[in-house]
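Heads up: the sequence shown at position 86 corresponds to 900 in the working numbering, and the numbers run straight through without jumps. Quick reminder that beta carbons are idealized off the backbone N, C-alpha and C, glycines included. What you are looking at is a predicted structure, and each value in this text was computed from that prediction instead of being measured. Below you'll find the structure, written out as structure tokens, and then a few comments.
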Amino acid sequence: MIKSYRRLASQMSYKPLLLVDVGYYGGIALFWRSIEVTIEPFILTEQEIYTTIKVSSTTNKWNFSTYTYRKTLWESLRNVATKITSPWLVYGDFNEVTNASEKLGGKPINNTKCSSFIRCLDDMNMIDLGFTGQKYTRTNKHKNNKTLIMERLDHFLSNHDCLSLFPESNVRSSRAHTLITALFS
């Protein structure tokens, strides 16, 4: 997976700054195009990258798909949120939807898991920045409409301080599960 991240970064003229390999499960990567910022990692785990960027803190995370791992990640994010006193952006694949409109096909959403994720976002005082473009960021790629499942699992979340700094921020989603672009102005 890390090789494909490097190839993708090269094709898009991004510099892969931080790569965390999780073997068979894949991994996470943080690419940055601007040379005007300094990025310093302060926590690297199998599910999270915490960095300090010149004007704000940002978190890029990837997590295993089991609910147990997600709850562990959410608790970790809650703990970090209590220590953040500056603009903060959290983004990545959360493997969870926030409401039924973020899923098409398959079993109905699990309201308990969905509510747990929403409580985590509320506890962190985070705002989902929404998106433009492709509505769903994950698909099982089934061609049969009866078995096709599509979901919006990737989210960009911001605290109020970050949103105040970048009020015109927007997020564009593409068909690629791993490619979401945030534009800050």
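Asked	Found
Going by the beta-carbon positions, is the gap between S912 and D942 smaller than 8 angstroms?	Strictly speaking, residue 912 in this sequence is Thr, with Ser absent from that position. In contact: T912 and D942 (Cβ atoms closer than 8 angstroms).
Tell me the rounded alpha-carbon separation between L833 and L844.	7 angstroms
Since R966 is in the alpha helix (DSSP H), which residue starts that stretch and which ends it?	Segment: none, R966 is in no alpha helix (DSSP H) and carries neither H nor E.
Could you compute how far the alpha carbon of W846 sits from the alpha carbon of Y828?	6 angstroms
I'd like to confirm the pairing. Which residues does DSSP put opposite G919 in its beta bridges?	DSSP, once it has assigned bridges, lists no residue as partnering G919.
For the candidate residues S818, S972, E982, S987, whose alpha-carbon lies nearest to that of T899?	S972
Could you give the distance in angstroms between the alpha-carbon of I906 and the alpha-carbon of D968?	Per the sequence presented here, residue 906 reads as Gly, with Ile not at that position. Computed Cα separation, rounded: 5 angstroms.
According to DSSP, simplified to helix, strand and coil, what is S890?	helix
Would you tell me roughly how many angstroms separate the C-alpha atoms of S824 and I842, rounded to the nearest one?	16 angstroms
Check this for me: beta carbons of E910 and K921, under 8 angstroms apart or not?	no
Using the three-state DSSP reduction, which class does I898 fall into: helix, strand or coil?	coil
Please state whether DSSP places F980 in a helix, a strand or coil.	coil
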